[in-house]
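Q: Once you've had a glance at the structure underneath, I'll fire off some questions.
Residue numbers (our numbering), protein chains in the order written: chain A, 258 to 1021; chain B, 21 to 290; chain C, 4 to 170.
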């Protein structure tokens, strides 16, 4: 009985549930003894000229070793971060001339003890002459104020060409809608943290909370102009990332620089308030969608125009609209699809990747559009979807936007989820409540989605693994993936165990140390199992081949006659039991170890369908999610327990965006949601337990048949919930409500629809 | 995230606490449960130089019947009030509302005295105590006095408590089995109310409809004049000055006040 | 000033600043780093521990307030190299943790919940854990874990009073 596909509890957990995991701020490594504590002083003004940064009083405060400002960073050039960032839009390490968002670091205080840092930071006097703050995208577009005068524009990046004027000419019906996919905060429970230590050998060891040590090493090497090989990055246990911990934060490099400058190790752990302004935000798109087709329900054309909020300094978020455009048509067979985008800078926190990173925005848009189209032609939204889904396929399918979907059965996903939800019963219940004029109305929302995981459209990614069996029977796996809750240690051990017969509790999986694992792509974009796991699988296979050669010599047998003997955890001669030799024994004289790189042919495209059922109190506008039913098909499932966990977490974040969460700024650029008391992070009481349906449509892109599952839940649930809330009050004349569908927004929408109906003398 | 430095003394008695308050004046704050004060101090919105810990004065923690009132000691934790059989039978509105404050951990620490002294217009227990016509007993080195709830809340986080005074007891008229209602409107269960309405015995109090918790006197007058719950509730926004914030603007708050008052009054009637 | 309290069954006496938060006292003075700090507004509950039998958010308690108290952290639940306490055991069985950062606080909050309500419904579990935020699990398996632990009976809400656990 293979362990693959079974619910195996995690090997990580016993430690996590007794002593606890070791996150960056937990480290007691002796190299960090005597470390200075770094506390950042951040701008309280959204946009302005730095007049003075007076550090004198802070420098005299108890325990202060140094107060560093931009003037001290003479050997550092401003930061570009990514190659697509214009040279005129670079980011200073510490703002010395211009601050561009509330949270922009201006100074760092180094103290002997942690508590002294905040005391001293308060004493740094930053005098800023305010410039007009560009907070709303519409203001940035107007370009009355430029964040980077030398750039001559607030546009950081553009995508696509203008839509042809005759794009919808053939359509009987065209519906357009302005949609906001609002800025949210990732809020991993562990905030950002880093520590740096310079050894006498001239190398720096950097510990940081991050999703990929290798990328951090490369970035810091480049940013600090260090020779290759001098930077050693270690990611200890990481308390959540969700995309926001992809790539190095400038603070990491600064901590390393400070440690060298001071000749002492330095450590930093931000507070939550700092995190809510200092860590990248997610989403942040203003969209205009248009959908056109025939009254029989056929969608013929779809366009999306995007204005992406980059925040103050172009960062990863700036580039994400390319994925939104790529995935614009979703699961539908639409002949004409057009997408274009511009990313603009604003005086707000920079945007980055957040669970789904560009793809939830695409799905939310097309799913809203499908519902709007359905409402316009008076057709049930499930039926409109049915009529437009791409038919099932197992061979790659190229879309008008240039994606090549690997395999899909969208209709099956839709029908499964509708059946599980009891769709017809729900509509009956809805009709009953509408007839009775109940205060609590039922809303049913559907989404059908597809998303891209594990690479760029035209190329798959790659990942490295090393598998070694030791003479004592233990095995070690090194992976270039970077788990932070996903359970890869268990999953990858399952793969190796299934191939080698070594029990799970004898297999250790390591990651996140660039000296041990120089190459790796980290954990992000739902890539780890399909590439990292595939690499482990491949390495284990190659180890078997290596073992076979060795065993053949020792047993004086033909290598082709040697088969894997799982109970032995070794090889035996075919047809002759008791003649084998274990992998452990084969490691007795020389290491039994294989390094392997797996290259995926292309990205994979998991898909699914969600139904959300909400109850809306039409007197207050408050919506409650009472059911969330989902199909999330990510191909072959290695460990259903872990896969479900990923779906649960993704769904919760998706519901959070639809119903509750939004980062808000006032008109001066002051953050209004910079604590967890203000930012409505979804809690247990706003969620139901979820109803998950299993579906596995394998992919040919890797030997495991696996696609990525980490982000699918988020992508599917957000539009289902948004559509459900609108559906609950659609009979009152409401056609659209932007996310989050707060009680006040729903109430206003009901009132506006009622007023509009009264004005035109129509009954809804 | 860390309070500014302060001196700390654990008071062994009410008298000690009062003497320390008198000695340090405006720079001293009493610490009971700490769940109103410490969050402010951690954000450095409050920077007292002296904290006087009264949280261990167990003599001030009680819920008991005294004639026609329930007497509640100032350091009684919300959890104790929530689970008190005396409160459940004699002031069920209060027991219920004590169980709605924050989350379980907060309720294990927060005290009725601390909540009252904090004077937050969006606070659950002050709203209920206002509706219950509670009397707050305060003490200074110079003696005791009683302040009725309607005169206790003066402004935004401002109460009638003088700097040298300490709340020692809250006296709540026993309402027994008389109907009551509490409607708390939040985005998430655990949040402060966007608006809340407490109704008992012909009185209605509102949370977060102005600079203090306040009584919906126009509603009460209408009820006294024989109006139905629905009619009376229409007056709920009279005399209120709700603020606009990211959760709700003034219009929506006024609407909620009317809606929640109506629903609270409907609970009363059931 | 000098304080003393019993932490995971061991008496400790330490010299601390009045403003030292109990969470930092446990982590940095006692070396018990399982308890995590996830916010600065008493919102997330990652820092939940048990003080004198009641769950509290240790970021909103001063160490000096815990003078003479009995404090239990997650490290105090299960003796090393022996069976897990029923609540963490249930968390493992039901995959109620992913990144693990909220977990110590969540486990302690769950124990408090079961002490108050030994046989909660799903809804009661969600309400009982409203002071604890998790970003990874979507709470689904946490609810399952608490229901599973409840089936273990009174052991689920018991806290070893004299556990000899070294930090």
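Note that beta-carbon positions come from the ideal geometry of N, C-alpha and C, so glycine has one too.
Pull up the distance between the alpha-carbon of residue 857 of chain A and that of residue 320 of chain A, whole angstroms please.
A: As a first step, residue 857 of chain A must be located in the first chain, where it is residue number 600. As a first step, residue 320 of chain A must be located in the first chain, where it is residue number 63. Going by the C-alpha atoms only, they are around 53 Å apart.
Q: Hey, quick one: how far does the beta strand (DSSP E) through residue 387 of chain A stretch, first residue to last?
A: Taking the first chain and counting its residues from 1, one reaches residue 387 of chain A at position 130. 382 to 387 is the extent of the beta strand (DSSP E) around residue 387 of chain A.
Q: Is the beta carbon of residue 141 of chain C closer than 8 Å to that of residue 1018 of chain A?
A: Translated into positions along the first chain, residue 1018 of chain A becomes position 761. Translated into positions along the third chain, residue 141 of chain C becomes position 138. No, they are not a contact pair.
Q: Could you tell me the boundaries of the alpha helix (DSSP H) in which residue 346 of chain A lies?
A: As a position in the first chain, residue 346 of chain A is number 89, starting the count at 1. Taken as a continuous stretch (DSSP letters only), residue 346 of chain A belongs to no alpha helix (DSSP H), as it is neither H nor E.
Q: Could you check whether the Cβ of residue 155 of chain C sits closer than 8 Å to any Cβ belonging to chain A?
A: Start at 1 with the first residue of the third chain, and residue 155 of chain C comes out as number 152. No, residue 155 of chain C lies away from the interface with chain A (no Cβ there is under 8 Å from its Cβ).
Q: Quick one: using the 10 Å Cβ neighbour count with 16 as the cut-off for buried, is residue 176 of chain B buried or exposed?
A: Working through the second chain from its first residue, we reach residue 176 of chain B at position 156. Counting Cβ neighbours within 10 Å, residue 176 of chain B comes out exposed, since fewer than 16 surround it.
Q: Between the C-alpha atoms of residue 45 of chain B and residue 184 of chain B, what's the straight-line distance to the nearest angstrom?
A: The sequence position of residue 45 of chain B within the second chain is 25, counting from 1. The sequence position of residue 184 of chain B within the second chain is 164, counting from 1. Their backbone Cα atoms lie some 6 Å apart in a straight line.
Q: List the endpoints of the continuous alpha helix (DSSP H) containing residue 850 of chain A.
A: For the purposes of this step, residue 850 of chain A is taken as the residue at position 593 of the first chain. Not the alpha helix (DSSP H): residue 850 of chain A falls in the beta strand (DSSP E), residues 849 to 856.
Q: Hey, how far is the Cα of residue 830 of chain A from the Cα of residue 653 of chain A?
A: Along the first chain, read from residue 1 onward, the residue named residue 830 of chain A stands at position 573. Along the first chain, read from residue 1 onward, the residue named residue 653 of chain A stands at position 396. Rounded to whole angstroms, residue 830 of chain A to residue 653 of chain A spans 41 Å at the Cα level.
Q: Go ahead and label residue 880 of chain A buried or exposed: buried means 16 or more other beta carbons lie within 10 angstroms of its beta carbon, across all protein chains shown.
A: As a first step, residue 880 of chain A must be located in the first chain, where it is residue number 623. Answer is buried; the Cβ neighbour count reaches 16.
Q: Measure the C-alpha to C-alpha separation of residue 361 of chain A and residue 128 of chain C and round it to an integer number of angstroms.
A: Working through the first chain from its first residue, we reach residue 361 of chain A at position 104. Working through the third chain from its first residue, we reach residue 128 of chain C at position 125. Going from the Cα of residue 361 of chain A to the Cα of residue 128 of chain C covers about 40 Å.
Q: Would residue 21 of chain B count as contacting chain C if we go by Cβ distances under 8 Å?
A: Start at 1 with the first residue of the second chain, and residue 21 of chain B comes out as number 1. Cβ-Cβ to chain C under 8 Å: yes for residue 21 of chain B.
Q: Please list the residues of the stretch 196 to 213 of chain B that have a C-beta atom closer than 7 Å to any C-beta atom in chain A, keeping them in chain order.
A: Taking 7 Å as the Cβ-Cβ cut-off against chain A, the residues of the stretch 196 to 213 of chain B that qualify are 205, 207, 208, 209 and 210.
Q: Classify residue 811 of chain A: buried if its beta carbon has 16 or more other beta carbons within 10 angstroms, exposed otherwise.
A: Start at 1 with the first residue of the first chain, and residue 811 of chain A comes out as number 554. Under this definition residue 811 of chain A is an exposed residue.
Q: What whole-angstrom Cβ distance do residue 547 of chain A and residue 433 of chain A have, given they're in contact under 8 Å?
A: Counting from one through the first chain, the residue named residue 547 of chain A turns up at place 290. Counting from one through the first chain, the residue named residue 433 of chain A turns up at place 176. Correct: roughly 4 Å between the Cβ atoms.
Q: Just how far apart, CA to CA, sit residue 760 of chain A and residue 484 of chain A?
A: The sequence position of residue 760 of chain A within the first chain is 503, counting from 1. The sequence position of residue 484 of chain A within the first chain is 227, counting from 1. Their backbone Cα atoms lie some 42 Å apart in a straight line.
Q: Taking the alpha-carbon positions, what's the residue 290 of chain A to residue 516 of chain A distance?
A: As a position in the first chain, residue 290 of chain A is number 33, starting the count at 1. As a position in the first chain, residue 516 of chain A is number 259, starting the count at 1. About 13 Å.
Q: Please report the residue range of the beta strand (DSSP E) in which residue 12 of chain C lies.
A: Position 9 of the third chain, counted from the start, is the residue given in the question as residue 12 of chain C. From DSSP, residue 12 of chain C is part of no beta strand (DSSP E); its letter is neither H nor E.
Q: Would you identify the three-state DSSP class for residue 368 of chain A, choosing helix, strand or coil?
A: Within the first chain, numbered from 1, the residue matching residue 368 of chain A stands at position 111. Residue 368 of chain A: strand per DSSP, three-state reduction.
Q: Leaving out five residues on either side along the sequence, give the residues of the same chain with a beta carbon under 6 Å from the beta carbon of residue 166 of chain C.
A: On the third chain, residue 166 of chain C is found 163 positions in, with the first residue counted as 1. Because the pLDDT at residue 166 of chain C is just 43, under 50, the model does not fix this residue reliably, and the value given afterwards should be weighed accordingly. Result list for residue 166 of chain C: 11, 12 and 79, in chain order.
Q: Within the same chain, show all residues whose beta-carbon is closer than 7 Å to that of residue 424 of chain A, passing over the 5 residues directly before and after it, in chain order.
A: The count along the first chain starts at 1 and reaches residue 424 of chain A at position 167. Here the set comprises 558, 560, 593 and 595.
Q: So, at 7 Å on beta carbons, what are the nonlocal neighbours of residue 860 of chain A in its own chain, with the 5 sequence-adjacent residues on each side left out?
A: Against the first chain, residue 860 of chain A aligns to sequence position 603. Cβ neighbours of residue 860 of chain A beyond the five flanking positions: 709, 710, 711, 712, 713, 714 and 717.
Q: Helix, strand or coil for residue 980 of chain A per DSSP?
A: By one-based count along the first chain, residue 980 of chain A stands at place 723. Residue 980 of chain A: helix per DSSP, three-state reduction.
Q: Determine, using beta-carbon pairs with one atom in the stretch 485 to 496 of chain A and one in the stretch 458 to 467 of chain A, whether at least three such pairs fall under 8 Å.
A: Taking 8 Å as the limit for Cβ pairs, the verdict is that the stretch 458 to 467 of chain A does touch the stretch 485 to 496 of chain A.
Q: Please classify residue 421 of chain A as buried or exposed, where buried requires at least 16 other C-beta atoms within 10 Å of its C-beta.
A: Along the first chain, one-based indexing puts residue 421 of chain A at 164. Classification for residue 421 of chain A: exposed.
Q: Using the DSSP secondary-structure output, state which residues sit across from residue 494 of chain A in a beta bridge.
A: Residue numbering aside, residue 494 of chain A sits at position 237 when the first chain is read from its first letter. Beta-bridge pairing links residue 494 of chain A to A:280.
Q: Check the Cβ of residue 559 of chain A against every Cβ in chain C and list those closer than 8 Å, keeping chain order.
A: Along the first chain, one-based indexing puts residue 559 of chain A at 302. Simply none; closest approach about 31 Å.
Q: Which residue wins for smallest C-alpha separation from residue 893 of chain A, given the options A:836, A:959 and A:591?
A: Indexing the first chain from 1 puts residue 893 of chain A at position 636. Among A:836, A:959 and A:591, the Cα nearest to that of residue 893 of chain A is on A:959.
Q: Identify, in the order they occur along the chain, each residue of the same chain with its Cβ nearer than 7 Å to the Cβ of residue 364 of chain A, setting aside the five sequence neighbours on each side.
A: Along the first chain, read from residue 1 onward, the residue named residue 364 of chain A stands at position 107. Closer than 7 Å at Cβ, skipping near neighbours: 298, 310, 312, 324, 325, 326, 351 and 381.
Q: Taking 8 Å as the threshold (beta carbon to beta carbon), is residue 922 of chain A in contact with chain B?
A: Within the first chain, residue 922 of chain A is the residue found at index 665, counting from 1. It does not; no Cβ of chain B falls within 8 Å.
Q: What's the C-alpha gap between residue 686 of chain A and residue 156 of chain C?
A: For the purposes of this step, residue 686 of chain A is taken as residue 429 along the first chain, with counting starting at 1. For the purposes of this step, residue 156 of chain C is taken as residue 153 along the third chain, with counting starting at 1. Taking the straight line from one Cα to the other gives about 40 Å.
Q: At which residues does the beta strand (DSSP E) containing residue 173 of chain B begin and terminate?
A: Numbered from its first residue, the second chain carries residue 173 of chain B at position 153. Here the beta strand (DSSP E) through residue 173 of chain B covers 173 to 175.
Q: In or out: residue 833 of chain A buried (at least 16 other Cβ within 10 Å) or exposed?
A: Residue mapping note: residue 833 of chain A aligns to position 576 of the first chain, counting from 1. Label assigned to residue 833 of chain A: exposed.
Q: According to DSSP, simplified to helix, strand and coil, what is residue 867 of chain A?
A: Taking the first residue of the first chain as 1, we reach residue 867 of chain A at position 610. Strand.
Q: Are there 16 or more other CB atoms within 10 angstroms of the CB of residue 626 of chain A, so buried, or fewer, so exposed?
A: Your numbering for residue 626 of chain A matches position 369 in the first chain. Buried.
Q: Is it buried or exposed, residue 30 of chain B, if we count other Cβ atoms within 10 angstroms and call 16 or more buried?
A: Here residue 30 of chain B is taken as the residue at index 10 of the second chain, counted from 1. Per the 10 Å Cβ criterion, buried.
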